[in-house]
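**Student:** Numbering (UniProt numbering), first residue to last: 1 to 433.
The C-beta atom is built at its ideal place from N, Cα and C for all residues, glycine as well.
Questions regarding the structure given below will be posed in turn.
Quick look at the structure:
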C-alpha cells in the first residue's frame with residue numbers, strides 16, 4: 001500500500017489502532033459470554049469493558065513488548081493487562097491467538113467490502129447516467145479491432161453497468177462468505193471454551209459462527225474473497241482499455257477529461273494521454289495478483305501452520321485499498337468523460353457504407369440467391385471499398401447480380417443506420433429494468 005493510491009476511509013480499517021480496538025472487542029465480548037455462563041465474575045467482565053473502552057492503546061508500547069515476546073497477540077494482552085489490572089487474568093480464557101486474529105481479519109474484510117460496495121454503487125450511478133445520455137448516440141462497433149456494425153455509445157455504458165452489477169452481487173456473496181467468527185480454542189475443538197462463547201461473539205459482531213474450524217478459519221473462504229476482488233479488477237481494466245482505445249488519435253470518440261494546466265508530456269506539449277485509464281490498467285493487474293497467494297493459503301499443514309499469515313498482512317490491506325482507489329478513479333473518469341459524437345459519425349462513414357454488408361447479404365438471400373453466392377457478391381464489392389476506396393452503395397448499384405433482384409430503393413434502405421438501434425429499448429429494459 002502506498003499513499004498515492006490510497007483513500008483514508010479504507011486505510012483506517014487497516015490501521016494498528018483499528019486492529020487493536022477490534023482485538024479488544026473480541027476479547028471483551030468473549031468475557032461477557034463467559035460471565036453469562038458463570039465461568040468468570042460478571043463484575044470482572046464489566047471492568048474489562050469499562051477500562052478497555054476508555055483506553056488509548058499505546059502502539060509503541062505494544063511494539064516494545066513484541067520485540068521481547070516475538071508474539072503480537074501476547075504483546076497486546078500484556079499491554080491490556082497494564083491498564084485493566086487484576087481482572088485481566090480473565091481475558092483470553094480458553095482462546096488461542098488465531099481466534100482473535102482470524103475473526104479480526106474477517107471483520108476488516110467485511111468493513112472493506114462495505115466501502116467497496118458503496119464504491120460500486122457510485123460507479124453504477126455514473127454508468128447509468130452516461131448510458132441514458134448516449135442511448136441513441138450511434139457509433140461503430142468493433143470486433144478484432146475492426147469495424148463491424150453500428151451500435152450506440154449508450155450500449156457500451158449499459159454493458160459496463162450490467163457487468164458491474166454482477167460484480168456487486170459477487171462481492172455481496174464474498175462478504176457473506178467471509179463473515180464468520182471462530183472462538184474455538186487451540187485446535188478448534190472447544191476443549192477449553194464453551195461453543196456458546198463463539199456464538200455470542202459472532203452475534204455481537206454481526207457475524208456467523210464458523211461451523212467447523214481447526215486452529216484457524218478455513219482459507220477457502222478468503223480465496224473466494226480475493227478472487228472476487230480480482231474479477232472486479234478485471235472489469236475495471238476492461239472498461240479502462242475500452243476508453244484508452246477510444247482515445248487513440250486515429251479514433252478519438254471519447255477522451256479523459258484534460259484539466260486546465262494539465263500536461264501530457266515533458267517533451268511534447270500537444271499530448272493528451274489517457275493516463276488515468278492506463279493507471280487503472282496497472283492497478284487492476286496488482287489486485288489480480290493477490291488472488292493467487294490467497295488460493296495458495298488454502299493448503300495449510302494439518303490443523304494449521306503460519307505460512308498464510310505473512311501473505312494476509314500484505315494482501316488484506318493492499319488489495320482492498322487499491323481496489324477502493326481504482327473504483328473511485330474509474331467513477332470520476334466516467335463522470336467526466338468527453339464524448340465526440342461527430343468523430344463517431346466520421347468513423348462510421350470512413351469505409352463508405354461497409355458496415356451495412358450483412359444487411360445486403362441477408363437481402364440477397366431473401367431474394368432467392370444462395371448464401372454462398374450472396375456472400376461472394378457482397379464480398380467482391382466490399383473488397384473494392386477496402387482496396388480502392390470505392391463507395392459500397394455505388395458499387396452494389398453497378399453490380400447486375402445485385403440489381404437484378406434488388407431495386408435501388410431496396411438497397412438504399414439497407415443503409416439506414418436507425419435499423420441498428422430498433423431494439424435498444426429492449427436492451428435498456430433488460431439492463432435497467
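Could you tell me which residues DSSP puts in a beta bridge with residue 150?
**Tutor:** Paired residue(s): 140.
**Student:** As a quick exercise: from 368, 258, 395, 416, pick the residue whose alpha carbon is nearest that of residue 379.
**Tutor:** Answer by Cα proximity: 395.
**Student:** Enumerate in chain order the residues of its own chain whose CB-to-CB distance from residue 97 is below 6 Å, with the five nearest sequence positions on each side excluded.
**Tutor:** Closer than 6 Å at the Cβ level, and outside the excluded window around residue 97, lie 73.
**Student:** Verify whether the separation of the beta carbon atoms of residue 427 and residue 127 is less than 8 Å.
**Tutor:** It is not a contact, given that the beta carbons lie outside the stated cut-off.
**Student:** Examine the Cβ distances between the stretch 120 to 136 and the stretch 207 to 225 and report whether three or more of them are shorter than 8 Å.
**Tutor:** The answer is no - the stretch 207 to 225 does not touch the stretch 120 to 136, with fewer than three Cβ pairs under 8 Å.
**Student:** Note down the Cα distance separating residue 121 from residue 172, rounded to an integer number of angstroms.
**Tutor:** Approximately 12 Å between the Cα atoms of the pair.
**Student:** Within the continuous alpha helix (DSSP H) that includes residue 5, where are the two ends?
**Tutor:** Premise fails: residue 5 is in no alpha helix (DSSP H) and is neither H nor E.
**Student:** Going by DSSP, name the residue or residues bridged to residue 209.
**Tutor:** Its beta-bridge partners are 181.
**Student:** Judging by CA-CA distance, which residue of 404, 391, 4 is the nearest neighbour of residue 368?
**Tutor:** It is 404 whose Cα lies nearest to the Cα of residue 368.
**Student:** Assign residue 313 to one of two classes, buried (16 or more other C-beta atoms within 10 Å of its C-beta) or exposed (fewer than that).
**Tutor:** The residue in question, residue 313, is exposed, as its Cβ has fewer than 16 Cβ neighbours within 10 Å.
**Student:** So residue 327 packs on residue 116, CB below 8 Å; how close in whole Å?
**Tutor:** With a Cβ gap of about 7 Å, residue 327 and residue 116 count as contacting.
**Student:** Looking at C-alpha atoms only, which residue of 67, 27, 220, 146 is the closest neighbour of residue 77?
**Tutor:** When each option's Cα is compared against that of residue 77, the closest is 27.
**Student:** My output table needs one value for residue 160: the three-state DSSP class, helix, strand or coil.
**Tutor:** Here residue 160 sits in helix by DSSP.
**Student:** Would the stretch 213 to 233 count as touching the stretch 295 to 304 if we require 3 or more Cβ pairs under 8 Å?
**Tutor:** The answer is yes - the stretch 295 to 304 touches the stretch 213 to 233, with three or more Cβ pairs under 8 Å.
**Student:** How about residue 153 and residue 80: are their beta carbons less than 8 Å apart?
**Tutor:** Not a contact, by the Cβ cut-off of 8 Å.
**Student:** For residue 297 and residue 308, what's the separation of their Cα atoms in angstroms?
**Tutor:** Their backbone Cα atoms lie some 5 Å apart in a straight line.
**Student:** Can you tell me where the alpha helix (DSSP H) with residue 314 in it begins and where it stops?
**Tutor:** Unbroken alpha helix (DSSP H) run through residue 314: 307 to 336.
**Student:** From the DSSP output, read off the bridge partner residues of residue 339.
**Tutor:** Partner(s): 254.
**Student:** According to the neighbour-count rule (16 or more other Cβ atoms, all chains shown, within 10 Å of its Cβ), is residue 338 buried or exposed?
**Tutor:** Exposed, since its Cβ has fewer than 16 Cβ neighbours within 10 Å.
**Student:** Could you please give the first and the last residue of the uninterrupted alpha helix (DSSP H) stretch that includes residue 200?
**Tutor:** That run of the alpha helix (DSSP H) goes 195 to 204.
**Student:** Within 10 angstroms of its Cβ, does residue 411 collect 16 or more other Cβ (buried), or is it exposed?
**Tutor:** With 16 or more Cβ atoms within 10 Å of its Cβ, residue 411 is classed as buried.
**Student:** Counting pairs of beta carbons, one from the stretch 287 to 297 and one from the stretch 247 to 263, are three or more of them closer than 8 Å?
**Tutor:** The stretch 287 to 297, when compared against the stretch 247 to 263, does not touch it at the 8 Å Cβ threshold.
**Student:** What is the DSSP secondary structure of residue 95, reduced to helix, strand or coil?
**Tutor:** Residue state, collapsed to three classes: coil.
**Student:** Measure the alpha-carbon distance for residue 68 versus residue 100 and round it to whole angstroms.
**Tutor:** Looking at the two C-alpha atoms, the distance is approximately 21 Å.
**Student:** Run through DSSP, which three-state label would residue 214 get?
**Tutor:** Coil.
**Student:** Mapping DSSP to helix, strand and coil, what is residue 261?
**Tutor:** Three-state result, residue 261: coil.
**Student:** Suppose you measure from the CA of residue 258 to the CA of residue 341; what does that come to, to the nearest Å?
**Tutor:** Taking the straight line joining both Cα atoms gives about 18 Å.
**Student:** Taking 8 Å as the cut-off, decide whether the C-beta atoms of residue 41 and residue 33 are in contact.
**Tutor:** No; because the gap between Cβ atoms is not below 8 Å, this pair is not in contact.
**Student:** Does any C-beta atom of chain D lie closer than 8 Å to the C-beta of residue 279?
**Tutor:** Although the question refers to chain D, the structure presented lacks it and comprises just one protein chain.
**Student:** What residues in its chain sit with their C-beta under 6 Å from that of residue 192, if we drop five residues either side in the sequence?
**Tutor:** If we look at residue 192 and ignore the five residues flanking it on each side, its Cβ neighbours are 94, 185.
**Student:** Would you call the stretch 42 to 53 and the stretch 3 to 13 touching, i.e. three or more CB-CB distances under 8 Å?
**Tutor:** The stretch 42 to 53 is not in contact with the stretch 3 to 13.
**Student:** Expressed to the nearest angstrom, what Euclidean distance is found between the alpha-carbon atoms of residue 221 and residue 229?
**Tutor:** Going by the C-alpha atoms only, they are around 13 Å apart.
**Student:** Under a three-way DSSP split, which group does residue 49 fall into?
**Tutor:** Residue state, collapsed to three classes: helix.
**Student:** Among residues of its own chain, excluding the 5 on either side of residue 167, which ones have a beta-carbon nearer than 7 Å to its beta-carbon?
**Tutor:** Hits under 7 Å: 120, 231, 232, 235.
**Student:** Report the CB separation of residue 149 from residue 420 in whole angstroms; it is logged as a contact under 8 Å.
**Tutor:** With a Cβ gap of about 6 Å, residue 149 and residue 420 count as contacting.
**Student:** Tell me the rounded alpha-carbon separation between residue 389 and residue 278.
**Tutor:** Between residue 389 and residue 278, the C-alpha separation is close to 35 Å.
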